[in-house]
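Written out below as structure tokens is the structure these notes cover.
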Amino acid sequence: MRIILLGAPGAGKGTVAELLTDRFGISQISTGDILRGAVKAGTDLGAAAEGYMKRGELVPDSLILGIMENRLLQDDCREGFILDGFPRTIAQAESLKKMLGILALKIDAVVNLEVPVDVIIRRLSSRRTCSNPACQAIYNIYTKPSRMEGICDKCGSPTIQRDDETEEAIKQRLATYAEKTAPLIDYYKNDPAFISVPSLRPEPVIDAILSIVDR
Ligand code: ADP
Ligand code: ZN
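My numbering puts the sequence shown at residues 1 to 215.
Here it is as structure tokens:
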């Protein structure tokens, strides 16, 4: 099974992808996770991507396409994959179409996750991460607060907002989404595999995906 997840930052792509992975044992390919891993590992790719990510801008298509061309050829992708965070521009979607054509693969579902913008801002701005690099525990000030405000339960270090989760960066990420990524909805909307579903909770999204994949 091959699935593309579309949606704004904070729409729940990662959560839905994880549930699908557990259910079907196919790989989740998250370009955001790949890039964060590269930044942490201090690779050339990480160094090239870091500034864009901090500012909430998109990393240049050429870097992303290099990652994806390799990733789709890995063995685990033969069983299928869930694309979480790619494509994010029309140019990336055109390149994906070419790559899939060469590999003779078809996408089973293109799923747009719909979430009102106020919910998105609340989700993104409520996350806190432990500042201790060896800990990095994640909290949410509404749904999973630390016992003492601003202090990590596990190690006592201060909890902070990630660079790209400050109000400034969130605004930039949403503006980037509206300009560069939202046009993908029009790009895919006449594809028979396209569906658009409310994403306030993940379970109904999974059900909607299953109904399109089975038919
Ligand atoms: P979110 O969807 O919550 O913004 P991601 O984890 O998907 O977060 O991505 C984090 C950052 O990584 C993005 O803000 C962007 O800078 C970069 N990134 C991830 N995927 C892509 C992509 N397909 N094209 C360009 N930049 C990307
Ligand atoms: Zn900690």
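The beta carbon of each residue, even a glycine, is placed where N, CA and C say it ideally should be.
Model, not experiment: these values are computed from the prediction.
| Check | Outcome |
| --- | --- |
| Should ASN140 be listed as close to the ligand ZN, given that the test is whether its C-beta is under 7 Å from any heavy atom? | no |
| The beta strand (DSSP E) that contains ASN140, what's its start and end? | 138-140 |
| Listed in chain order, which residues are found with a beta carbon closer than 6 Å to a heavy atom of the ligand ZN? | CYS130, ASN132, CYS135, ALA137, CYS152, LYS154, CYS155, SER157 |
| Among ARG78, ILE82, ALA17, GLU114, which has the Cα closest to the Cα of ALA104? | ARG78 |
| Enumerate in chain order the residues of its own chain whose CB-to-CB distance from GLY32 is below 7 Å, with the five nearest sequence positions on each side excluded. | GLY85 |
| Could you please give the first and the last residue of the uninterrupted beta strand (DSSP E) stretch that includes LEU231? | The requested residue 231 is not part of the displayed model; the chain covers only 1 to 215. |
| Let me check you understand the geometry: is the CB of VAL117 closer than 7 Å to at least one non-hydrogen atom of the ligand ADP? | no |
| Would SER30 and ALA41 be called neighbours here (beta carbons separated by less than 8 Å)? | no |
| Closest to LEU58 by C-alpha separation, out of PRO192, ASN190, LYS180, ASP214, would be which residue? | LYS180 |
| Quick check for students: name the residue ranges of the beta strand (DSSP E) that lie wholly in the region 24-107, counting only runs of 3 or more. | 27-30, 81-84 |
| Thinking just about the alpha-carbon of each residue, which of ARG55, GLN28, ILE67 is nearest to the one in LEU45? | ILE67 |
| Are the beta-carbon atoms belonging to GLY7 and LEU113 less than 8 Å from one another? | yes |
| Which first and last residues belong to the alpha helix (DSSP H) in which PRO116 is found? | Run containing PRO116: none; DSSP gives neither H nor E here. |
| Is SER196 helix, strand or coil by DSSP? | strand |
| Per DSSP, what kind of secondary structure is ARG128 in: helix, strand or coil? | strand |
| I need the boundaries of the beta strand (DSSP E) containing ARG2, first residue and last residue. | 2-6 |
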